[in-house]
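Take a look at the structure below.
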Amino acid sequence: LHRDVSELCFQGVVSRIGGAGFADFEQDLLNLSKRAWLARKPLVQGGLLKYVHGGEYHAYNPDVVRTLQQAVQSGDYSDYQQYAKLVNERPAATLRDLLALNPQADAVRVEDVEPASELFKRFDTAAMSIGALSPEAHESLAEAMNSLGGFSNSGEGGEDPARYGTNKVSRIKQVASGRFGVTPAYLVNADVIQIKVAQGAKPGEGGQLPGDKVTPYIARLRYSVPGVTLISPPPHHDIYSIEDLAQLIFDLKQVNPKAMISVKLVSEPGVGTIATGVAKAYADLITIAGYDGGTGASPLSSVKYAGCPWELGLVETQQALVANGLRHKIRLQVDGGLKTGLDIIKAAILGAESFGFGTGPMVALGCKYLRICHLNNCATGV
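Taking the UniProt record's numbering, the leading residue of the sequence shown gets 1, the next gets one more, and so forth.
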């Protein structure tokens with residue numbers, strides 16, 4: 001909102017990026033009035049929640065999905081460049097699209113930067129559980145990241161013990177509010193244990209796995225029964241303060257002293273203060289999740305109307321940690337809608353040291369982005 005609007009209507013609320021003013025509201029009303037009194041009203045094709053040609057821009061539109069899959073299948077860099085051009089030159093859809101890099105006169109020598117083998121260690125596949133994904137897709141992500149030297153995330157649905165000690169193991173094990181599948185064996189087979197406080201696309205909401213997706217295999221991993229809808233509550237019922245979080249971090253470190261402890265937060269006003277408390281609770285890593293990720297597991301209303309850009313949350317967290325002398329004690333990660341190297345560069349400039357990818361790897365596996373994940377009727381089996 002424009003400052004004039006916030007000062008008059010929402011006193012005390014700060015708008016960090018500006019936005020629509022009263023003139024824009026007036027124009028919206030005039031446009032709606034004009035459409036309402038048309039003699040012949042055209043049929044509205046939609047396009048707000050699912051892609052419709054000529055409708056609202058969607059970050060994962062058919063052209064983006066097609067070119068990414070073509071680049072993966074061919075391995076041709078020119079195909080990837082076509083995909084990256086579609087993403088990097090899209091209409092402004094996120095805050096980072098409004099940021100441009102300052103060109104440098106002198107290029108940095110390749111020998112002076114981290115080799116690819118070290119860069120891969122900064123990349124994660126975001127938390128997607130078995131059940132949300134098929135076992136085959138879940139294992140494929142784990143094998144891919146393990147072969148690269150990166151990290152895959154088990155999500156909040158546990159993991160098959162048969163994968164422990166193999167190339168199919170997820171190096172990041174998630175502990176969410178439902179605690180599904182969390183056992184001592186699960187925790188000790190982790191390089192990183194992630195406490196999920198919230199998800200970027202639906203902050204303040206819990207998770208839900210529809211009963212139709214709870215097969216006997218999924219039920220066994222989650223210590224439940226087949227066909228029963230499994231719900232993760234919005235809060236952790238043993239975390240109501242930073243002290244409670246510190247206790248859980250301590251307990252997890254007793255179970256697996258070698259694992260890094262990560263805490264997943266969402267971008268929101270005040271997240272910097274929360275992140276400072278997380279750092280004081282002796283976490284090793286903080287993930288800031290933005291609202292343009294996690295769309296496969298979120299209600300449609302939340303996809304469009306909940307959450308904040310990770311750009312704002314990441315900057316606030318970086319500044320708060322620096323101001324409190326804690327930045328050197330913790331690693332900062334970001335995820336949510338990352339697609340190309342340009343996204344990674346912008347996130348790194350804003351403070352991130354590692355990066356999570358969720359929908360991108362799914363599309364690379366064959367996901368057509370049909371938005372029917374909850375129906376257990378995926379056209380490609382992802």
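Cβ atoms here follow ideal geometry from the backbone N, Cα and C, with glycine treated the same way.
In the displayed model, residue 262 falls within a strand according to three-state DSSP.
Its chain contains 145, 150, 151, 152, 153, 172, 333, 335, 354, 355, 356, 357 as the residues whose beta carbon lies nearer than 8 Å to that of residue 124, once the 5 sequence neighbours on both sides are disregarded; these appear in chain order.
Sequence-distant Cβ neighbours of residue 64 in its own chain, meaning closer than 6 Å and more than five residues away, are 86. Residue pairing for residue 109: DSSP places it in no beta bridge. A straight line joining the alpha-carbon of residue 37 with that of residue 5 spans about 29 Å. With 16 or more neighbouring CB atoms inside 10 Å of its own CB, residue 180 falls in the buried class. Inter-residue distance for residue 164 and residue 193 is about 15 Å (C-alpha atoms, whole angstroms). Residue 101 and residue 359 have their C-alpha atoms roughly 25 Å apart. Following the DSSP letters along the chain, one finds residue 356 inside the beta strand (DSSP E) bounded by residues 354-357. With the rule of 3 Cβ pairs closer than 8 Å, the segment 196-214 does not count as touching the segment 254-261. If you draw a straight line from the Cα of residue 14 to the Cα of residue 302, it is about 23 Å long. If you draw a straight line from the Cα of residue 313 to the Cα of residue 96, it comes to about 13 Å. The DSSP-derived three-state label of residue 25 is helix.
Approximately 15 Å separates the beta-carbon atoms of residue 289 and residue 232; this is outside 8 Å, ruling out the contact.
Taken atom to atom, the span from the alpha-carbon of residue 362 to that of residue 293 is near 12 Å.
Of all alpha-carbon atoms in 2, 35, 114, 28, the one lying nearest the alpha-carbon of residue 19 is that of 2. In this structure, the alpha-carbon of residue 147 lies about 40 Å from that of residue 55.
Pairing residue 371 with residue 134, the inter-Cα distance amounts to about 15 Å. Collapsing the DSSP output to three states places residue 95 in a helix. Distance between residue 116 and residue 226, taken at the CA atoms: about 43 Å. In terms of CA proximity to residue 374, 299 leads the group 346, 340, 299. Within the segment 148-207, the runs of beta strand (DSSP E) that reach at least 3 residues and sit entirely inside it are, in chain order, 172-175, 192-196. Taking a 10 Å sphere around the C-beta of residue 287, we find 16 or more other C-beta atoms and assign the residue as buried. DSSP, reduced to helix, strand and coil, places residue 127 outside both helices and strands of the structure shown, so it counts as coil. Under DSSP, the beta-bridge partners assigned to residue 331 are 285. Judged by DSSP secondary structure, residue 239 falls outside any alpha helix (DSSP H); it is assigned neither H nor E. The shortest CA-to-CA distance from residue 282 to any of 248, 267, 273 is the one to 248.
As computed with DSSP, residue 232 is found in a beta bridge with 207.
The three-state secondary structure of residue 133, taken from DSSP, is strand. A direct Cα-to-Cα measurement between residue 323 and residue 280 gives close to 14 Å.
Our two residues, residue 380 and residue 48, have alpha carbons roughly 24 Å apart in a direct line.
Residue state for residue 121 is assigned as helix, using DSSP reduced to three classes.
Scanning its chain for C-beta atoms nearer than 8 Å, with the 5 sequence neighbours on each side dropped, one finds around residue 35 the residues 41, in chain order. Distances from the alpha-carbon of residue 119 to those of 143, 67, 344, 365 put 344 closest.
Non-local C-beta neighbours of residue 185 in its own chain, meaning closer than 8 Å and more than five positions away in sequence, comprise 161, 164, ordered along the chain. The C-beta separation of residue 155 from residue 218 comes to about 12 Å, leaving the pair out of contact by the 8 Å criterion.
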